[in-house]
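These notes are about the structure you will find just below.
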Amino acid sequence: MGTLTELLSLAQQRARDLNLPYAGALTPAEAHQVWQAAPGARLVDVRTRAEWDWVGRIPGAAEIEWMSYPGNQPNPHFLAELKRQIDPEAVVLFICRSGQRSSKAASVATDAGYTNSYNVLEGFEGDKDARGHRNAIGGWRKAGLPWQQG
-4 MGTLTELLSL
6 AQQRARDLNL
16 PYAGALTPAE
26 AHQVWQAAPG
36 ARLVDVRTRA
46 EWDWVGRIPG
56 AAEIEWMSYP
66 GNQPNPHFLA
76 ELKRQIDPEA
86 VVLFICRSGQ
96 RSSKAASVAT
106 DAGYTNSYNV
116 LEGFEGDKDA
126 RGHRNAIGGW
136 RKAGLPWQQG
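Residue numbers are given in the working numbering: position 116 of the sequence shown equals residue 111, and the series is strictly consecutive.
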């Protein structure tokens, strides 16, 4: 892989290339390495409680729903929960199922003063394959990173 500085620089370059409103974007493997190497770094899983329970959890990740289950409504307490659990000075890595909700969470967090917010590309389950199934193309699980059944 690379050093912490190299990984964060790569993620920041992706953000510039993609015109992202947060610090950077990391692949799952890069995110795991940053999480392990950056002092105080936090991984924030923004999937729903149902996803954590039924699909799987990442040990040690903070769990803050972006959308509430059931109902799929925005979590009105997202920022309050983030502020209660996560230091605004930390490197914060946001992950969801595929990288879409976590991108939005990273944007909102950045606007709230979390200037070291990164999105985990591909998310926990990755994109759907030709048969409409996840976990075959990209994602945290496919990369063989730590997780446990919910």
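Beta carbons: idealized from backbone N, C-alpha and C, even for Gly.
- Residue state for Arg11 is assigned as helix, using DSSP reduced to three classes.
- DSSP places Glu60 in the coil class of the three-state scheme, outside both helix and strand.
- For Arg37, the secondary structure class from DSSP, reduced to helix, strand or coil, is strand.
- Classified as exposed, Trp49 has fewer than 16 neighbouring CB atoms from the shown chains inside 10 Å of its CB.
- According to the DSSP assignment, Phe73 belongs to no beta strand (DSSP E) but to the alpha helix (DSSP H) extending over Phe73 to Gln80.
- Proximity to Gln8 across Gly118, Thr43 and Leu21 peaks at Leu21, based on C-alpha coordinates.
- Counting the other CB atoms within 10 Å of its CB gives Gly134 a total of 16 or more, which places it among the buried residues.
- A distance of 8 Å or more separates the beta carbons of Val39 and Phe73.
- Going by C-alpha positions, Val87 is about 13 Å away from Gln28.
- When the Cα atoms are used, Leu13 and Ala6 turn out to be separated by approximately 11 Å.
- The beta carbon of Tyr109 sits closer than 7 Å to those of Pro83 and Val87, all from its chain and outside the five residues before and after it, given in chain order.
- Within the same chain, Cβ atoms closer than 7 Å to the Cβ of Arg44 are found at Glu60 and Tyr64, the five residues on either side in sequence being excluded.
- In the three-state reduction of the DSSP assignment, Ala125 falls in the coil class, being assigned neither a helical nor a strand state.
- Rounded to whole angstroms, Thr(-2) and Lys78 show a C-alpha spacing of 29 Å.
- Across the set Ala125, Asp106, Ala24 and Ala36, the C-alpha of Ala24 shows the shortest separation from the C-alpha of Pro141.
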